[in-house]
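Working notes, beginning with the structure itself.
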Amino acid sequence: MAKENISADQLISVIISGIEDVKGQEINILDLREIENTVCDYFIICEGTSNTQVNAIVNSIQKKVSKELKDNPWHTEGMDNAEWVLIDYVNVVVHVFQKHIREFYDIESLWGDAKTTVIETNY
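Be aware that the sequence shown starts at 367, since it is given in my numbering, and climbs by one per residue.
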């Protein structure tokens with residue numbers, strides 16, 4: 367579970383860095399704090415091109431957060447088929463998709479009221 371002394375901004379920064387380390391694509395941050403009855407404060411959504419890359423993204427995020435912030439996810443699910451993996455850090459929930467699954471579920475539209483920040487990548 368997230369430690370009190372780790373800010374959401376620190377956690378988001380390390381998660382984004384972990385995604386970029388293995389060239390995760392289409393990274394968005396959804397700020398859910400202004401929406402009533404949400405399960406967390408932020409969603410971070412990204413995609414990989416295959417189950418191998420999705421697994422690499424998830425592993426990169428978890429290793430980087432563990433090493434730099436000494437924190438582990440409260441819950442992780444979806445690793446078996448690696449089409450949609452959810453990593454729950456309590457206040458920040460990461461969704462790592464394969465492109466076709468992301469398009470099908472279209473989480474960004476479901477949470478259309480959220481303030482969205484698109485992360486530009488250089489690869």
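Backbone N, C-alpha and C fix where the C-beta goes; we use that ideal spot for every residue, glycine too.
Collapsed DSSP secondary structure at residue i in the structure displayed
i, result
"T415", "coil"
"L398", "coil"
"K429", "helix"
"I382", "helix"
"V484", "strand"
"E434", "helix"
"E449", "coil"
"S373", "coil"
"N403", "coil"
"D479", "coil"
"Y471", "helix"
Beta-bridge pairing of residue i - partner residues as DSSP gives them
i, result
"I454", "Before going on, a small fix: residue 454 reads as Asp here, not Ile. H441, V459."
"Y408", "D397, V458"
"Q512", "Because the chain in this structure spans residues 367 to 489, residue 512 falls outside the shown range and cannot be described."
"Q464", "G414"
Member of the options whose CA lies at the smallest distance from the CA of residue i
i, options, result
"S379", "I427, I423, T415, R468", "I427"
"A484", "E400, C406, P439, L396", "According to the sequence as given, residue 484 is Val; it is not Ala. Out of E400, C406, P439, L396, L396 has the C-alpha closest to the C-alpha of V484."
"R487", "D375, Y471, G384", "Per the sequence shown, residue 487 should be read as Thr rather than Arg. When each option's Cα is compared against that of T487, the closest is G384."
"I467", "D454, E434, S416, D479", "S416"
"E392", "D472, K430, K429", "D472"
"Q464", "N421, I372, I401, I382", "N421"
"K433", "D375, T418, E449, I381", "I381"
"A448", "E469, A374, D375, G414", "G414"
"D479", "A374, W440, E400", "E400"
"A374", "F470, E469, D437", "D437"
"V387", "I453, K481, F470, K429", "Here the sequence assigns Asp to residue 387, which means Val is not the residue at that position. Among I453, K481, F470, K429, the Cα nearest to that of D387 belongs to K429."
CB-CB length for residue i against residue j, believed under 8 Å
i, j, result
"V458", "L377", "5 Å"
"G390", "C412", "4 Å"
"V431", "M445", "Rounded, the Cβ-Cβ distance is 16 Å, inconsistent with contact."
"W440", "V460", "With a Cβ gap of about 12 Å, W440 and V460 do not count as contacting."
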